[in-house]
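**Student:**
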Amino acid sequence: MANPSTGTTDFKQATSTNVDEEDFASLLEESFKGRGDGKGELKENEIVKGTVVQVTKDYAVVDIGYKSEGQVPIQEFGLVEGKPNVKAGDKVDVLLESRENDTGMVVLSKEKADKMRIWDEISAACERDELVEGTIVG
């Protein structure tokens, strides 16, 4: 609002809102719902889509649309010519094991997501009475 005595605008009054801390917390939590796969709130033990944002010596940092990024052990991506088979920008499917561990990190696994997907494909083939080819490795 303009202050007639000084000709300046009182920004504190002009920009003030009546949002208390509880409203802010609920708005913040609501903003995190529906992120990730577009189907709603991210749930543990489900496969989610993510984007690799950084690759370190030990981990690939993956953004799954949650409030913090998760880490996937680099060995879960395999090696090609001695180098990790992953780079920043890659889209990956990962299993959301835990939204927060004891250190506050999101726990993700590409290896477990791959195994779940393969098992789902085998189960679907079985339901359709289809043959499944495989190799016994153990």
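The numbering of the sequence shown is our numbering, which starts it at 715 and goes up by one.
Here a beta-carbon is modelled for each residue, glycine too, at the ideal position from N, C-alpha and C.
1. How should residue 824 be labelled, buried or exposed, when 16 other C-beta atoms within 10 angstroms of its C-beta is the threshold for buried?
2. Just checking: is the beta-carbon of residue 804 within a distance shorter than 8 angstroms of some beta-carbon in chain D?
3. Using alpha carbons as the reference points, say which of 768, 762, 778, 773 lies closest to residue 792.
4. Which same chain residues end up closer than 7 angstroms to residue 790 when comparing Cβ atoms and leaving out the 5 residues on each side of it in sequence?
5. Since residue 838 sits in a beta bridge, which residues does DSSP pair it with?
6. Residue 775 and residue 785: beta carbons closer than 8 angstroms?
7. To which residues of the same chain is residue 821 closer than 7 angstroms at the C-beta, ignoring the five residues directly before and after it?
8. Is the beta carbon of residue 827 less than 8 angstroms from the beta carbon of residue 809?
**Tutor:** Taking the definition as stated:
1. One-based indexing of the sequence shown puts residue 824 at position 110. Buried: at least 16 other Cβ atoms inside 10 Å.
2. Among the protein chains of the structure shown there is no chain D, as only one such chain exists.
3. What you label residue 792 is simply residue 78 of the sequence shown in a count that begins at 1. Comparing Cα positions, the closest option is 773.
4. Looking up residue 790 in the sequence shown gives position 76. Result list for residue 790: 823, 824, 825, in chain order.
5. Taking the sequence shown and counting its residues from 1, one reaches residue 838 at position 124. Residue pairing of residue 838 in beta bridges, as defined by DSSP: absent, with no partner found.
6. In the sequence shown, residue 775 corresponds to position 61, counting from 1. In the sequence shown, residue 785 corresponds to position 71, counting from 1. In terms of Cβ geometry, residue 775 and residue 785 form a close pair [threshold 8 angstroms].
7. By 1-based counting over the sequence shown, the position of residue 821 is 107. Correct list, in chain order: 784, 811, 812, 815.
8. For the purposes of this step, residue 827 is taken as the residue at position 113 of the sequence shown. For the purposes of this step, residue 809 is taken as the residue at position 95 of the sequence shown. Yes, the Cβ-Cβ distance between residue 827 and residue 809 is below 8 angstroms.
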